[in-house]
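Here is the structure we will look at.
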Ligand code: CP
Ligand code: NVA
């Protein structure tokens, strides 16, 4: 059966741990200027229904460094945007390219594409999950703190796609996750229920950050929620990650944000740019961890 990467649960925990260790090796090779081209002649199709900077550039660069090629497909200039069924697009594209990544709205659309694809499909963000970001975040935590198992992470803010992927990561990488959201913005109950032993929910960010190794956050209004921006700004009052909250977490605690960030909303510039922030390393690690993912899916 074709191996897809629609959520972190699609890859066994041991393999995920090996994958982020391999990402650290691939990073060292890239920094040393070593050429490694295991995907010569292989092609990736990249379907973007939403904007992207990091995801697009990291996948395109990764394919180029691996000796392959990537094709950017936007709904504006493909038949996907004119209503060609997702099933037909999947069948046709996967007869041509070797791997497909998709960033879209409904997670179910990604699943339908994968069902009809002969080649691996990678989730490059849906409304429900963003597993590629978690590969980078876990690689970065490993680089800065060593082994992840047994650690504690706080998620502060919206119970969104990133939060859902942190919950899956808590299961796969074996850490405890304290989630603090405003009332009404909790993560989906089914995702929480499946990770019950690893996750605690609260509406108090101060309680959530106590004694954690990593504090993570994200924008209050995700792509597709632009019209809720004002309401969310009000509802998320008190959920900003600032120096005061980081002080409760302790001097050893790290901070990360998947980016793009809204300084002065979910995080202050001081924290984002401060010594505890591993945000920029995590952004770079999108490249290395996704190369490790491509190698895992295509070179085994
Ligand atoms: N973090 C992330 O996925 O960034 P982009 O939206 O720029 O791809
Ligand atoms: N939750 C954000 C993540 C962006 C990388 C969004 O979906 O817009």
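Residue numbers (our numbering): 5 to 304. Note that CB positions come from ideal geometry on N, CA and C, so glycine has one too.
Per DSSP, the bridge partner or partners of residue 218: By 1-based counting over the chain shown, the position of residue 218 is 214. DSSP output for residue 218 lists 157 and 258 as bridge partner(s).
Go ahead and pull the three-state DSSP assignment for residue 182. On the chain shown, position 178 is the one that residue 182 refers to. Strand at residue 182.
Please tell me whether residue 145 and residue 127 are closer than 8 Å, where the distance is taken between their beta carbons. Locating residue 145 in the chain shown gives position 141, counting from the first residue. Locating residue 127 in the chain shown gives position 123, counting from the first residue. No.
With burial defined as no fewer than 16 other Cβ atoms inside 10 Å of the residue's Cβ, what is the status of residue 1: buried or exposed? Outside the displayed range of the chain (5 to 304) lies residue 1, so it cannot be described from this structure.
Is residue 264 close to ligand 1? I mean its beta-carbon at under 7 Å from any heavy atom of the ligand. The residue labelled residue 264 in the question sits at position 260 within the chain shown. Yes, Cβ of residue 264 sits closer than 7 Å to a heavy atom of ligand 1.
If I measure Cβ to Cβ from residue 267 and keep anything under 6 Å in the same chain, skipping five residues before and after, which residues do I get? Here the question's residue 267 lines up with position 263 in the chain shown. Within the same chain, residue 267 has close Cβ partners 273.
From residue 80 to residue 105, what does the alpha carbon distance come to, in whole angstroms? Reading the chain shown from its first residue, position 76 is the one you call residue 80. Reading the chain shown from its first residue, position 101 is the one you call residue 105. Going from the Cα of residue 80 to the Cα of residue 105 covers about 17 Å.
Which term fits residue 228, buried or exposed, when burial requires 16 or more other beta carbons within 10 angstroms of its beta carbon? Counted from its first residue, the chain shown places residue 228 at position 224. Classification for residue 228: exposed.
Does the beta-carbon of residue 61, which I'm using as the reference point, lie nearer than 7 Å to any heavy atom of ligand 2? On the chain shown, residue 61 is found 57 positions in, with the first residue counted as 1. Result no, Cβ not under 7 Å from ligand 2.
Are residue 337 and residue 199 touching if we call contact CB-CB under 8 Å? Beyond the ends of the chain as shown, which are 5 and 304, falls residue 337; an answer cannot be given.
Would the beta-carbon of residue 143 be found less than 7 Å away from any heavy atom of ligand 1? For the purposes of this step, residue 143 is taken as the residue at position 139 of the chain shown. No - ligand 1 has no heavy atom lying nearer than 7 Å to the Cβ of residue 143.
Beta carbon of residue 223: closer than 7 Å to some heavy atom of ligand 2? Translated into positions along the chain shown, residue 223 becomes position 219. Yes; taking the cut-off as 7 Å, the Cβ of residue 223 has a heavy atom of ligand 2 nearer than that.
Kindly give me the distance between the Cβ atoms of residue 191 and residue 171, rounded to whole angstroms, as I take these residues to be in contact under 8 Å. Walking along the chain shown from the start, residue 191 turns up at place 187. Walking along the chain shown from the start, residue 171 turns up at place 167. Indeed they touch by this definition, with Cβ atoms about 6 Å apart.
Specify whether the region 161-171 and the region 213-227 touch according to this definition: at least 3 beta carbon pairs, one from each stretch, less than 8 Å apart. Touching, yes, given that three or more Cβ pairs across the two stretches are closer than 8 Å.
Spatial neighbours of residue 143 within its chain, please: C-beta separation below 6 Å, excluding the five flanking residues on both sides. In the chain shown, the residue the question calls residue 143 occupies position 139. Within the same chain, residue 143 has close Cβ partners 24, 27, 289 and 293.
Sequence-distant residues of the same chain with beta carbon closer than 7 Å to residue 123, five excluded per side: Counting from one through the chain shown, the residue named residue 123 turns up at place 119. Within the same chain, residue 123 has close Cβ partners 6, 98, 101, 102, 103 and 104.
C-alpha gap between residue 310 and residue 9, whole angstroms: The chain is shown from 5 up to 304; residue 310 falls before or after that span and cannot be answered.
Any alpha helix (DSSP H) of 4 or more consecutive residues that is wholly inside the region 125-170: 135-149
Cα-Cα separation between residue 71 and residue 11, rounded to whole angstroms: Against the chain shown, residue 71 aligns to sequence position 67. Against the chain shown, residue 11 aligns to sequence position 7. Taking the straight line from one Cα to the other gives about 26 Å.
Quick check on DSSP: helix, strand or coil for residue 240? Against the chain shown, residue 240 aligns to sequence position 236. Assigned with DSSP and collapsed to three states, residue 240 falls in coil, not helix or strand.
Please classify residue 232 as buried or exposed, where buried requires at least 16 neighbouring CB atoms within 10 angstroms. Sequence index remark: in the chain shown, residue 232 carries index 228 (1-based). With fewer than 16 Cβ atoms within 10 Å of its Cβ, residue 232 is classed as exposed.
Between which residues of its own chain and residue 55 is the CB-CB distance below 8 Å, once the five residues before and five after are set aside? For this step, residue 55 is matched to residue 51 along the chain shown. Correct list, in chain order: 227.
Should residue 255 be labelled buried (16 or more other beta-carbon atoms within 10 Å of its own) or exposed? On the chain shown, residue 255 is found 251 positions in, with the first residue counted as 1. Counting Cβ neighbours within 10 Å, residue 255 comes out exposed, since fewer than 16 surround it.
For residue 76, the first and last residue of its enclosing beta strand (DSSP E): For the purposes of this step, residue 76 is taken as residue 72 along the chain shown, with counting starting at 1. That run of the beta strand (DSSP E) goes 73-77.
Could you tell me which residues DSSP puts in a beta bridge with residue 55? The count along the chain shown starts at 1 and reaches residue 55 at position 51. According to DSSP, which records beta bridges pairwise, residue 55 is partnered with nothing at all.
Label residue 305 either buried or exposed according to how many other C-beta atoms from any shown protein chain fall within 10 Å of its C-beta, with 16 as the threshold for buried. Absent from the structure is residue 305, since the part of the chain shown begins at 5 and ends at 304.
Measure the Cβ-Cβ separation of residue 280 and residue 258 and say whether it is below 8 Å. Counting from one through the chain shown, the residue named residue 280 turns up at place 276. Counting from one through the chain shown, the residue named residue 258 turns up at place 254. Yes.
Near residue 287, what residues of its chain come up, given a Cβ to Cβ distance below 7 Å and the 5 sequence neighbours on each side ignored? Here residue 287 refers to the residue found at position 283 of the chain shown. Answer for residue 287: 58 and 263, listed in chain order.
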